[in-house]
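What follows is a set of notes on a single structure, which appears directly below.
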Amino acid sequence: MSYALRESLPTPKEFVALREAAGMTSRTLKAAERGLPNSCYGVTVVHDGDVVGMGRIVGDGATVLQLTDIAVHPDHQGRGLGTEITQALVDWLHENAPPSAYVNLVADVDGFYEQFGFEPTAPASKGMYLRIE
């Protein structure tokens, strides 16, 4: 199968659909329309004209950045696309983020992000969240 990694964001509809297909927490179309343009950087993986993978970096662009929305459609998982997406995001960080930048993520795959240099924050700190309903 032929895949193309592109430096682009998904459309809001693609974003919402891909998160749903990948079993991630849903986002509204309105939220995606408002949020996606505020990304620092993003990539998509395209197969036969369809977006089947994505990932992006959010934050202020210099002091705090977060890898987020890394997703691959279940029909295309197991082909290294998540690794390609994450590597593209990390490469962008090394090329664009200043030396003092703090980069974080919510790791939902044990042992995956360490290969890119990420370390657990515990016990020094712990991740927390607030979901707006």
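Quick note: the sequence shown, position 127, residue 129 per this note's numbering, numbers continuous.
Think of the CB as a built atom: it goes at the ideal place given N, C-alpha and C, for glycine as much as any other residue.
Taking the alpha carbon of A99 as the point to measure from, which residue in E16, D112 and L67 has its own alpha carbon closest? Locating residue 99 in the sequence shown gives position 97, counting from the first residue. Of the listed residues, the one whose Cα sits closest to A99 is L67.
How do the stretch 32-42 and the stretch 105-116 stand: do at least 3 beta-carbon pairs fall below 8 Å, yes or no? Taking 8 Å as the limit for Cβ pairs, the verdict is that the stretch 105-116 does not touch the stretch 32-42.
For R21, three-class secondary structure by DSSP: Sequence index remark: in the sequence shown, residue 21 carries index 19 (1-based). Of the three classes helix, strand and coil, the one that applies to R21 here is helix, per DSSP.
Distance between A23 and V47 (C-alpha atoms, nearest Å): Here residue 47 refers to the residue found at position 45 of the sequence shown. Here residue 23 refers to the residue found at position 21 of the sequence shown. Taking the straight line joining both Cα atoms gives about 15 Å.
Expressed to the nearest angstrom, what Euclidean distance is found between the alpha-carbon atoms of R133 and T27? Translated into the one-based positions of the sequence shown, residue 133 becomes position 131. Translated into the one-based positions of the sequence shown, residue 27 becomes position 25. Separation of R133 and T27 (C-alpha to C-alpha, rounded to the nearest whole angstrom) is 11 Å.
Which of helix, strand or coil does DSSP assign to R81? Translated into the one-based positions of the sequence shown, residue 81 becomes position 79. Residue state, collapsed to three classes: coil.
Cα-Cα separation between V54 and H75, rounded to whole angstroms: Locating residue 54 in the sequence shown gives position 52, counting from the first residue. Locating residue 75 in the sequence shown gives position 73, counting from the first residue. Rounded to whole angstroms, V54 to H75 spans 5 Å at the Cα level.
Suppose the cutoff is 8 Å on Cβ atoms and the five residues either side in sequence are ignored; what does the same chain contact list for N40 look like? Stepping through the sequence shown from its first residue, residue 40 is reached at position 38. Taken in chain order, the residues that qualify are V60.
Within 7 Å of any Cβ in chain D, is that where the Cβ of G51 sits? Of the protein chains in this structure there is only one, and it is not chain D.
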